[in-house]
Structures are given as structure tokens and as C-alpha cells.
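Data block below; observations after.
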Amino acid sequence: RDEQEALVAAQQARAAELKDQVLKATAAAAASKAPQPTAAEAAAKAKAEADAAAKAKAEAKAAAKAKADADAAKAKMEADTLAKAEADAAAKAKIAKAAEEKA
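The working numbering applies: residue 31 is where the sequence shown begins, and numbers increase by one.
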């Protein structure tokens with residue numbers, strides 16, 4: 031989970047870096063009045079990286095939720111098992127008490 035968060039942070043940092051490059055490229059192209067295919071390419075790349083970062087973040091969130099759900103299910107199963115064991119013990123004690131009273 032920490033690895034995924036670190037990956038997401040790295041991708042977001044990279045996306046921010048690319049956005050900065052896009053702004054610089056756009057400004058340079060505007061200043062030179064040249065056609066801007068490189069700025070458009072950089073913008074597309076920055077968008078793709080931002081999308082990838084968002085996807086990685088969503089996947090990390092989903093993985094964390096799945097783990098939490100699994101942990102909750104395990105805890106419930108353990109609680110159910112414990113409750114059943116307690117009920118069994120109480121039933122046995124009741125039977126033993128009844129047998130004692132008959133004796």
C-alpha cells in the first residue's frame with residue numbers, strides 16, 4: 031500500500047513537472063510565434079501521465095478497501111467462531127448441571 035502511494039506521489043510529481051514543461055513550451059512557442067506541435071504533444075503526454083496517476087491512485091484506494099473488507103470479514107469470522115465456542119461451552123455446562131441434579 032505504501033509502495034502504491036509512493037508510486038502515485040511520484041506520478042503526480044511527474045505530471046506536475048510535465049505541466050510546467052507544457053507551460054514553458056507554450057510560452058516559448060507563443061513568443062516565437064512558431065507552430066506548436068511540441069507543446070501539443072507535451073500537453074497530451076502530461077494528460078496521459080495525469081490520467082495514469084489518477085488510475086494508480088484509484089487502484090491503491092481499491093486495494094486498501096479490499097484489504098479492509100478482508101480484515102473485517104476475518105474479524106467477523108473469528109468473532110462468530112468465538113461466539114459459537116462460548117454457546118457450545120454454555121450448552122455443555124447446562125447438560126452437566128442437569129446430569130448432576132439427576133444424580
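From the three backbone atoms N, C-alpha and C, an ideal C-beta is built for every residue, glycine too.
- For Arg31, no alpha helix (DSSP H) run applies, since DSSP gives it neither H nor E.
- When the Cα atoms are used, Ala128 and Ala103 turn out to be separated by approximately 37 Å.
- Three or more beta-carbon pairs drawn from the segment 39 to 46 and the segment 73 to 87 are found closer than 8 Å, and the two stretches are therefore classed as touching.
- When only Cα atoms are considered, Ala126 and Met107 end up about 28 Å apart.
- Taking the C-beta atoms as reference points, Leu48 is found nearer than 8 Å to Ala76.
- Here Ala133 carries a coil assignment [DSSP, helix/strand/coil].
- In this structure, Gln51 places its C-beta atom within 8 Å of the C-beta atom of Ala72.
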